[in-house]
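Have a look at the structure below, then the notes.
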Amino acid sequence: AELTGMGVGGLLMEIVTRPQPRAKPEAEDSRNVTAIILAAGRSTRMGGPNKLLAELDGRKLVRIATEQALASKAS
Numbered sequence: 001a002e003l004t005g006m007g008v009g010g011l012l013m014e015i016v017t018r019p020q021p022r023a024k025p026e027a028e029d030s031r032n033v034t035a036i037i038l039a040a041g042r043s044t045r046m047g048g049p050n051k052l053l054a055e056l057d058g059r060k061l062v063r064i065a066t067e068q069a070l071a072s073k074a075s
């Protein structure tokens, strides 16, 4: 008799109801990450002009945060 017709491993029949620890389900990357830019408030703790309009290397902080969020893998 042909071994492949004799079941798993050639000798034992597969037990359908038995869990298969060797058969792991493929991991699905279902993580969803969302970026939220909190751009509100009066900047009272900073003591001065609006921190969102403050500049760093010639660019406004709110623009830097927005560009970083858009460049990320967040949705």
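At position 69 of the sequence shown the residue is numbered 69 (the working numbering), and the sequence of numbers has no breaks. Even for Gly, the Cβ is constructed at its ideal location relative to N, Cα and C.
Round the Cβ separation of residue i and residue j to the nearest angstrom and send it over; I've been treating them as touching at under 8 Å.
| i | j | result |
| --- | --- | --- |
| L61 | L70 | 15 Å between Cβ atoms; not a contact. |
Please classify residue i: does DSSP put it in a helix, a strand, or coil?
| i | result |
| --- | --- |
| L56 | strand |
| A39 | coil |
| A74 | coil |
| V16 | coil |
| T66 | helix |
Once you ignore the five residues that flank residue i on each side, which residues in its own chain have a CB closer than 7 Å to its CB?
| i | result |
| --- | --- |
| A65 | I37 |
| A39 | L52 and V62 |
Ordered along the chain, which non-local residues of its own chain (more than five positions away) have a Cβ less than 8 Å from that of residue i?
| i | result |
| --- | --- |
| E55 | L61 |
Please tell me whether, using a cut-off of 7 Å, the distance from the CB of residue i to the nearest non-hydrogen atom of the ligand ZN is below it.
| i | result |
| --- | --- |
| L61 | No copy of the ligand ZN occurs in the structure displayed, which carries no ligand at all. |
Checking 8 Å against the spacing of the C-beta atoms, do residue i and residue j come in under that value?
| i | j | result |
| --- | --- | --- |
| N50 | S43 | yes |
| T34 | S72 | no |
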